[in-house]
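In this note's numbering, the protein residues as written are 137 to 862.
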Ligand SMILES: C[C@H](O)CC(=O)SCCNC(=O)CCNC(=O)[C@H](O)C(C)(C)COP(=O)(O)OP(=O)(O)OC[C@H]1O[C@@H](n2cnc3c(N)ncnc32)[C@H](O)[C@@H]1OP(=O)(O)O
């Protein structure tokens, strides 16, 4: 049976002689193979009809196009669809049929023209856009390259430097900027878009406006020598910034061929490279991340019940420390009025000051106007009591990790907040059932775990207990979306998903260092692997040893059989070395926060070794970078398997997203479970088993990993039985 077509393109010919082709594939009018085939046949018809003088291409429902249908790449990767011959779409359809046509075309752009959408528009002979439209080539973010002619047409329309900036950063430009760059020919209000485009198309046909084929333009290109310099600079920068990725350099190669040998050769090179990049592992990973990120808001039994998020008009935050002030910043930046409560004037002043400083830093960097700063700050009020909590819709508690203090706060909240108010805690480790023990409000208690700095880090871990109502989860998912976070809904346990998965990462690093591995080599290997900073050394220094010890205590209490008790941090703490804040931790820091290794560190490691009665292990002292990665990340995989098997996460892909957005796991490795499956469960199981026999329980593979590993089954496959705790 033939599968249902994915979207279509329709054509309507007006009395003015303009054929309007509309791309229809909700929600973003992505260019599926079906849409593209329809576009081709409509175009051929328009060219053959005598009553058609010119063509306008537009998108249905206020969105031009979000680009090529990304699931099409997945189909090609899985082999469920044969890839079209290189150049079939970009050269045969877009260049030779559309751009080289004897009738002119104009793109009428509303909403967005991204990726293949913008590339299609650039092949038209003019582009008219509405003011709110976003135009960009974000392909590199997905692991592919602009493959519908974008590597050739964008430099010819906006100049090489700007084109490279847009392609390499994946950032779109707004219509007005597009206009001043030469990407857009006119900006008109949405109600006038279609008529303006029709008129423009007729004007071209009747030679009142220029008939421009972007691919043939050369006036914006720099002289060859200069172009080579610009490209060399871009390549060097790319190699430095993305050493583990091949596709950005391949993309630059396509741009370069077009400049050196002409756009036809460039299009051919682009087509060839496009067919090659789809097969890269990094591309498979990045596409997995794209869909998994959007999948986190689909929670079975919660988001499929037709519940509508309630409007959150006012939020209160308890605690103006680093976390509380960061959360307040994130909320006011998205126009939520916020009350910040502290215990005394001094702390309140400090908390409000932190929010102010967060915003001022954006003003200083030119990312926020003074007017916007003042308007945003006016949404924030301070408070020393609960009186102003009587009309809040949500409270987020963000005080120190002390169970009895949190229990008291939640009991007070129940007295002062309205019945419907969501009672959230930003705890990173403590069991939410314990926090709400002294209340009768279990159904509205939820975890809203932000990551530091809360106004910057993209993840919001939403923790639900067995009692949290679906409505409250839907409400918090909505707030998460409004404050531009990626929310992941997880179940309740010590450390939840992110901290629980990544605790073994620092633990493994400590384990290795105590037995002789060079800590700086571990940091180097892990950074090369793609983490934003080395595991324990840089990470521990940044969060501070106080937090590291508090977190470790929670884990030691709850998972004693698999925690490695190292004395390195406590010994340093005794000597008032507590991380970056004290300018001494695993590294030494200068006044500009630049880190350098500290020869004195050896002293603490040796002392820790003797206090713990651990011996130097010659094998561990000589680990290769590959072995370091395996010994630090396989324990993370092991814990992720436990989290998955216990139903703390609904799907393995949620753990991938949690690790990427919460811990900075490299997205081009697809997330922890995706990466593990790319290595194979059998190998990971055999390694952990070997190490657990040699070094003890910390490495012992869990039952889930043992079961799947013994069969070589993928770790991310859904659980056979619905054992979800959620
Ligand atoms: C050959 C070419 O050069 C190659 C390409 O064109 S590759 C594609 C380039 N385009 C892109 O990278 C754009 C990707 N999309 C986006 O950035 C955002 O979706 C957007 C800015 C278009 C819209 O954002 P937003 O309104 O927040 O909606 P968002 O939740 O992201 O997407 C809505 C739905 O559209 C889907 N979608 C968005 N763009 C898509 C695309 N290009 N292909 C397939 N599906 C897409 C999403 O998966 C989501 O599906 P779901 O509802 O089933 O989860």
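The beta carbon of each residue, even a glycine, is placed where N, CA and C say it ideally should be.
Would you kindly check if the distance between the Cβ of residue 794 and the Cβ of residue 595 is under 9 Å?
The sequence position of residue 595 within the chain shown is 459, counting from 1. The sequence position of residue 794 within the chain shown is 658, counting from 1. Yes, these two residues count as a Cβ contact at 9 Å.
Where do the ends of the alpha helix (DSSP H) carrying residue 840 lie?
Numbered from 1 along the chain shown, position 704 holds the residue referred to as residue 840. Counting along the chain, the alpha helix (DSSP H) containing residue 840 begins and ends at 839–847.
Residue 635 versus residue 565 - alpha carbon distance
Here residue 635 is taken as the residue at index 499 of the chain shown, counted from 1. Here residue 565 is taken as the residue at index 429 of the chain shown, counted from 1. Residue 635 and residue 565: Cα-Cα distance of roughly 7 Å.
Alpha-carbon spacing of residue 396 relative to residue 292, whole angstroms:
Stepping through the chain shown from its first residue, residue 396 is reached at position 260. Stepping through the chain shown from its first residue, residue 292 is reached at position 156. If you take the alpha carbons of residue 396 and residue 292, they lie about 13 Å apart.
Based on Cα-Cα distance, which residue from 760, 450, 154 and 417 lies nearest to residue 864?
Residue 864 is absent from the structure shown; the chain starts at 137 and stops at 862.
Shorter than 9 Å from the beta carbon of residue 737 to some beta carbon of chain D?
Considering every chain present, this structure includes no chain D. It has just one protein chain.
Can you have a look at residue 572 and say buried or exposed, based on whether 16 or more other CB atoms are within 10 angstroms of its CB?
For this step, residue 572 is matched to residue 436 along the chain shown. So residue 572 ends up on the buried side.
When every heavy atom of ligand 1 is checked, does at least one fall within less than 8 Å of the C-beta of residue 205?
The residue you call residue 205 lines up with position 69 of the chain shown. Within the cutoff, so yes.
Could you give the uninterrupted runs of the beta strand (DSSP E) lying entirely in the segment 200–255, keeping only those of 3 residues or more?
241–245 and 248–250
Is DSSP giving residue 627 helix, strand or coil here?
By one-based count along the chain shown, residue 627 stands at place 491. Of the three classes helix, strand and coil, the one that applies to residue 627 here is strand, per DSSP.
Is residue 288 near ligand 1, with its Cβ less than 8 Å from a heavy atom?
Here residue 288 corresponds to residue number 152 of the chain shown, with the count starting at 1. No, the Cβ of residue 288 stays beyond 8 Å of every heavy atom of ligand 1.
Does the beta-carbon of residue 255, which I'm using as the reference point, lie nearer than 8 Å to any heavy atom of ligand 1?
Locating residue 255 in the chain shown gives position 119, counting from the first residue. Correct: residue 255 has its Cβ closer than 8 Å to ligand 1.
Less than 8 Å between the CB of residue 193 and some heavy atom of ligand 1, yes or no?
The count along the chain shown starts at 1 and reaches residue 193 at position 57. Residue 193 has its Cβ no nearer than 8 Å to any heavy atom of ligand 1.
Look up residue 795 in the DSSP assignment and say whether it is helix, strand or coil.
Counting from 1 along the chain shown, the entry for residue 795 is found at position 659. Residue 795 falls in the helix class under three-state DSSP.
Sub-9 Å separation of residue 468 and residue 516 beta-carbons:
Translated into the one-based positions of the chain shown, residue 468 becomes position 332. Translated into the one-based positions of the chain shown, residue 516 becomes position 380. Taking 9 Å as the Cβ cut-off, residue 468 and residue 516 qualify as a contacting pair.
Would you call the segment 803–814 and the segment 750–760 touching, i.e. three or more CB-CB distances under 8 Å?
no
Grab me the residues of residue 662's own chain with a C-beta within less than 6 Å of its C-beta, minus the 5 sequence neighbours each way, in chain order.
Translated into positions along the chain shown, residue 662 becomes position 526. Excluding sequence neighbours, residue 662 sits near 670 and 671.
Collapsed DSSP secondary structure at residue 405 in the structure displayed:
Here residue 405 is taken as the residue at index 269 of the chain shown, counted from 1. Helix, per DSSP.
Taking contact to mean at least 3 C-beta pairs separated by less than 8 Å, is the segment 274–287 in contact with the segment 321–338?
No contact exists between the segment 274–287 and the segment 321–338.
According to DSSP, is residue 863 part of a helix, a strand, or is it coil?
Given that the chain is displayed from residue 137 to residue 862, the structure contains no residue 863 and the question cannot be resolved.
Mind checking whether the beta-carbon of residue 200 lies closer than 8 Å to any heavy atom of ligand 1?
What you label residue 200 is simply residue 64 of the chain shown in a count that begins at 1. Not one heavy atom of ligand 1 falls within 8 Å of the beta-carbon of residue 200.
From residue 850 to residue 551, what distance separates their C-alpha atoms?
Sequence index remark: in the chain shown, residue 850 carries index 714 (1-based). Sequence index remark: in the chain shown, residue 551 carries index 415 (1-based). Those two C-alpha atoms are separated by around 49 Å.
Helix, strand or coil, according to DSSP, for residue 763 in the structure here?
For the purposes of this step, residue 763 is taken as residue 627 along the chain shown, with counting starting at 1. Helix at residue 763.
Taking the CB atoms as reference points, tell me whether residue 250 and residue 308 lie closer together than 9 Å.
Residue numbering aside, residue 250 sits at position 114 when the chain shown is read from its first letter. Residue numbering aside, residue 308 sits at position 172 when the chain shown is read from its first letter. Yes, the pair counts as a contact, with Cβ atoms nearer than the cut-off.
Please tell me whether residue 215 and residue 421 are closer than 9 Å, where the distance is taken between their beta carbons.
In the chain shown, residue 215 corresponds to position 79, counting from 1. In the chain shown, residue 421 corresponds to position 285, counting from 1. Not closer than 9 Å, so no.
Is residue 587 helix, strand or coil when you go by DSSP?
Translated into the one-based positions of the chain shown, residue 587 becomes position 451. Residue 587 falls in the coil class under three-state DSSP.
Could you tell me the alpha carbon to alpha carbon distance between residue 508 and residue 514, rounded to whole angstroms?
For the purposes of this step, residue 508 is taken as residue 372 along the chain shown, with counting starting at 1. For the purposes of this step, residue 514 is taken as residue 378 along the chain shown, with counting starting at 1. Each residue's alpha carbon lies about 10 Å from the other.
Let's see if you can read the secondary structure: which residues bound the beta strand (DSSP E) around residue 512?
What you label residue 512 is simply residue 376 of the chain shown in a count that begins at 1. Residue 512 -> not in any beta strand (DSSP E); alpha helix (DSSP H) instead, spanning 506–513.
Run through DSSP, which three-state label would residue 139 get?
As a first step, residue 139 must be located in the chain shown, where it is residue number 3. Three-state result, residue 139: coil.
Which residue or residues does DSSP assign as beta-bridge partners of residue 158?
For this step, residue 158 is matched to residue 22 along the chain shown. Looking at the DSSP assignment, residue 158 forms a beta bridge with 146 and 194.
With 16 as the cutoff for other CB atoms within 10 Å, does residue 155 come out buried or exposed?
To locate residue 155, count along the chain shown from 1; it is residue 19. Residue 155 comes out buried.
Beta-carbon proximity check, residue 659 vs residue 716, cutoff 9 Å:
On the chain shown, position 523 is the one that residue 659 refers to. On the chain shown, position 580 is the one that residue 716 refers to. Result no, Cβ atoms of residue 659 and residue 716 do not sit closer than 9 Å.
Between the beta-carbon of residue 162 and the beta-carbon of residue 190, is there less than 9 Å?
Locating residue 162 in the chain shown gives position 26, counting from the first residue. Locating residue 190 in the chain shown gives position 54, counting from the first residue. No, they are not a contact pair.
CA-to-CA distance, residue 428 to residue 255, given in whole angstroms:
On the chain shown, residue 255 is found 119 positions in, with the first residue counted as 1. On the chain shown, residue 428 is found 292 positions in, with the first residue counted as 1. Using only the alpha carbons, I get a separation of about 26 Å.
Per DSSP, which one or two residues make a beta bridge with residue 707?
Taking the first residue of the chain shown as position 1, residue 707 is located at position 571. In the DSSP output, where bridge partners are listed per residue, residue 707 has none listed.
Which class does residue 733 belong to by DSSP, given the choice of helix, strand or coil?
To locate residue 733, count along the chain shown from 1; it is residue 597. It is a strand residue.
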